[in-house]
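Residue numbers (the numbering used here): 8 to 352. Ideal Cβ placement from N, Cα and C applies to all residues, glycine included. The structure presented is a predicted model; accordingly, all values stated were derived computationally and were not measured.
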Ligand SMILES: [Ca+2]
């Protein structure tokens with residue numbers, strides 16, 4: 008049944024509403040994935056990240072106190088279990104604030120945490136605010152939290168844990184919001200069910216994996232222009248490609264995240280003045296001579312059949328390969344060999 012509530016109310020231990028109007032019923036749910044189900048949790052994070060308003064055009068992180076690697080909070084990725092991708096929450100509480108760029112309808116809010124131990128538990132408060140009268144200026148957030156995990160720490164004590172707030176009949180609230188504040192308490196070494204916040208015995212950081220403030224895919228105001236929509240889709244596609252490439256192995260994932268190191272490695276391999284680079288170039292040249300002589304011959308033959316210019320094709324191949332070779336002497340010798348093979352067809 009649809010309801011309209013405009014006064015402070017408490018629904019269970021995990022939800023507090025403060026002076027906010029909303030239609031329908033807001034549901035609070037939690038889910039725990041044990042360590043062996045980490046991949047399922049990662050898929051859940053990735054599936055909904057396309058609609059994360061914290062990453063939409065105009066949105067930005069404005070405060071991240073006592074938080075490490077805050078960029079991982081909204082990257083749509085669970086990271087590695089117990090490894091890279093975790094965000095260390097070391098405050099009591101830490102404060103994380105996002106500006107959404109403009110007032111938006113919020114469909115649901117989800118907090119994902121995870122680790123091999125109780126660092127993956129949760130102890131938090133969330134506050135929403137609308138400060139459209141002063142765009143981009145952080146408002147005074149309400150004294151009472153919009154949502155809270157309550158007086159006790161929640162979680163699964165390991166694996167991945169998510170708390171979700173959603174409305175079965177539409178957006179969480181009729182009102183739009185352009186600011187959201189997360190207060191996150193550290194959780195080590197506190198088990199789920201033990202006192203949180205001011206009464207917490209935690210002495211070390213907790214581990215958040217992702218914060219999602221989701222929009223509705225059918226909301227026509229999600230994008231201001233077609234160009235903005237296109238830019239967002241391009242950003243999402245690039246992120247998915249990166250995730251796919253990272254699956255090739257940890258070295259590839261490291262290279263993607265450290266492009267300066269990747270460039271340095273490539274330059275080193277191609278640098279003829281470097282001893283190791285020389286060895287690599289020699290090996291590459293030997294393999295390249297074997298492979299490209301055969302492929303050039305085949306290609307040149309094909310080109311002749313197609314009545315293309317065999318000479319110009321081979322010249323292009325030579326130029327391309329020369330840029331990878333070592334000393335001018337070796338380059339000239341190899342080029343001449345390649346050229347003869349082409350003309351011998
Ligand atoms: Ca993440």
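Using C-beta distances below 7 Å, list every residue in its chain close to residue i, excluding the 5 sequence neighbours before and after it, in chain order.
{"i": "residue 246", "result": "83"}
{"i": "residue 249", "result": "263"}
{"i": "residue 243", "result": "57"}
I'd like to know whether the C-beta atoms of residue i and residue j end up nearer to each other than 7 Å.
{"i": "residue 128", "j": "residue 110", "result": "no"}
{"i": "residue 49", "j": "residue 77", "result": "no"}
{"i": "residue 126", "j": "residue 195", "result": "yes"}
{"i": "residue 236", "j": "residue 212", "result": "no"}
{"i": "residue 214", "j": "residue 93", "result": "yes"}
{"i": "residue 188", "j": "residue 148", "result": "yes"}
{"i": "residue 168", "j": "residue 120", "result": "yes"}
Do you know offhand how far residue i's Cα is from residue j's?
{"i": "residue 258", "j": "residue 274", "result": "17 Å"}
{"i": "residue 116", "j": "residue 241", "result": "24 Å"}
{"i": "residue 143", "j": "residue 277", "result": "48 Å"}
{"i": "residue 234", "j": "residue 80", "result": "26 Å"}
{"i": "residue 255", "j": "residue 270", "result": "19 Å"}
{"i": "residue 181", "j": "residue 226", "result": "13 Å"}
{"i": "residue 39", "j": "residue 207", "result": "22 Å"}
{"i": "residue 231", "j": "residue 170", "result": "30 Å"}
{"i": "residue 118", "j": "residue 162", "result": "11 Å"}
{"i": "residue 70", "j": "residue 31", "result": "32 Å"}
{"i": "residue 75", "j": "residue 216", "result": "11 Å"}
Which residues in the same chain have their Cβ closer than 8 Å to the Cβ of residue i, if we skip the five residues on either side of it in sequence?
{"i": "residue 164", "result": "124, 125, 127, 128, 198 and 199"}
{"i": "residue 42", "result": "88, 123, 165 and 166"}
{"i": "residue 184", "result": "107, 110, 111, 113, 135, 136 and 137"}
Would you mind sorting residue i into buried or exposed? The rule is 16 or more other CB atoms within 10 Å of its CB.
{"i": "residue 210", "result": "exposed"}
{"i": "residue 267", "result": "exposed"}
{"i": "residue 90", "result": "exposed"}
{"i": "residue 224", "result": "exposed"}
{"i": "residue 252", "result": "exposed"}
{"i": "residue 139", "result": "exposed"}
By Cβ distance, which residues of its chain are closer than 6 Å to residue i, with the 5 residues on each side in sequence left out?
{"i": "residue 73", "result": "97, 98 and 101"}
{"i": "residue 132", "result": "152, 155 and 190"}
{"i": "residue 2", "result": "Since the first residue shown for the chain is 8 and the last is 352, residue 2 is missing from the structure and cannot be characterised."}
{"i": "residue 47", "result": "40"}
Okay, do the region 216 to 226 and the region 61 to 72 touch, 3+ Cβ pairs below 8 Å being the bar? yes
Could you say if the region 200 to 215 and the region 54 to 62 meet the contact criterion of at least three C-beta pairs nearer than 8 Å? no
Touching by the beta-carbon criterion (3+ pairs, under 8 Å), the region 88 to 98 and the region 143 to 163: no
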